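Numbers in the numbering used here are just positions in the sequence shown, counted from 1, shifted up by 3. Ideal Cβ placement from N, Cα and C applies to all residues, glycine included. Just so you know, these numbers come straight off a predicted model, no measurement behind them. Reading through the structure tokens given below for one structure.
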Amino acid sequence: MSKPETIAFYPGSFDPLTNGHKDIVERALRVFDRVIVALAQNVSKTGLFSLEERKELVRQTFVGKAVEVVIFEGLMVKAARNHGATSVLRGLRGVSDFEYEFQLATMNKTLAPELETVFMMTEKHNFYVSSKLVREVASLGGDVSEVVPPHILEALGKKYGNA
Ligand code: ADP
């Protein structure tokens, strides 16, 4: 009997994707057959990059890898089920992430008991990296080349007019 495909659903804003996200996806590819990076369409939040721009930036990051990029709205576990996911993937940077992630995982387990949430600890060089901080520093003309892939650095430069 062949083993069913393992598919990780990785939800978030990815506004924009950072090296922290990239590392989580690349390590997850060693554990799962496929990873779906899922961009949440959040009506109350307007991002720096449009959803389509973010989708394209994520796509370019993982060309040739078993990574799909989708946009979803509504309940995350429903979207994960609709895409045939077997797990939900989340990254943990430290204790500050833990409380919220613990609540979220417990709620999601109640809503969809068949979906296992899998956490990956950030690499030590990415633990301070967040999209929010990247946006703030880049908006002020700071150098974020160490924490985002080159094509995202370029896109940030164009957005803020300091390329
Ligand atoms: P949110 O909008 O919920 O903050 P993000 O789009 O920033 O989500 O991130 C999505 C997921 O990636 C979350 O699980 C988050 O904890 C994780 N993540 C973000 N930055 C890092 C990082 N530097 N290292 C590891 N995981 C990260």
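(Q) Quick check on His128: buried or exposed, where buried means 16 or more other Cβ atoms within 10 Å of its Cβ? (A) Numbered from its first residue, the sequence shown carries residue 128 at position 125. His128 comes out exposed.
Q) Which one or two residues does DSSP pair with Val38 in a beta bridge? A) For the purposes of this step, residue 38 is taken as the residue at position 35 of the sequence shown. When beta bridges are read from the DSSP output, Val38 appears opposite Ala11 and Val70.
Q: Please classify Arg93: does DSSP put it in a helix, a strand, or coil?
A: Translated into the one-based positions of the sequence shown, residue 93 becomes position 90. Residue state, collapsed to three classes: strand.
Q: Evaluate the contact criterion for the region 105-122 versus the region 41-60: three or more CB pairs, one atom per stretch, below 8 Å.
A: In this structure the region 105-122 does not lie against the region 41-60, because fewer than three pairs of beta carbons, one per stretch, are closer than 8 Å.
Q) In this structure, does DSSP put Thr109 in helix, strand or coil? A) In the sequence shown, counting from the first residue as 1, residue 109 sits at position 106. Helix, per DSSP.
Q: Consider the Cβ of Thr113: report whether some Cβ of chain D lies at a distance smaller than 8 Å.
A: Reference to chain D is not applicable here, since this structure consists of a single protein chain.
Q: Pick out whichever of Leu42, Val140 and Phe122 has its Cα sitting closest to the Cα of Val34.
A: The residue given as residue 34 occupies position 31 in the sequence shown. For Val34, the nearest C-alpha among the options comes from Phe122.
Q) Hey, Leu42 and Phe17: beta-carbon distance below 8 Å or not? A) Working through the sequence shown from its first residue, we reach residue 42 at position 39. Working through the sequence shown from its first residue, we reach residue 17 at position 14. Contact annotation: Leu42 and Phe17 have beta-carbon atoms nearer than 8 Å.
Q.
Given a cut-off of 8 Å on the beta-carbon distance, is the pair Pro19 and Leu159 in contact?
A. Here residue 19 is taken as the residue at index 16 of the sequence shown, counted from 1. Here residue 159 is taken as the residue at index 156 of the sequence shown, counted from 1. Yes. Within cutoff.
Q: Determine the burial state of Ala83: buried for a count of at least 16 other Cβ atoms within 10 Å of its Cβ, exposed for fewer.
A: Taking the sequence shown and counting its residues from 1, the one referred to as residue 83 is at position 80. Label assigned to Ala83: buried.
Q. Expressed to the nearest angstrom, what Euclidean distance is found between the alpha-carbon atoms of Tyr150 and Glu139?
A. For the purposes of this step, residue 150 is taken as residue 147 along the sequence shown, with counting starting at 1. For the purposes of this step, residue 139 is taken as residue 136 along the sequence shown, with counting starting at 1. What sits at residue 150 in the sequence shown is Val, not Tyr. One C-alpha to the other measures close to 13 Å.
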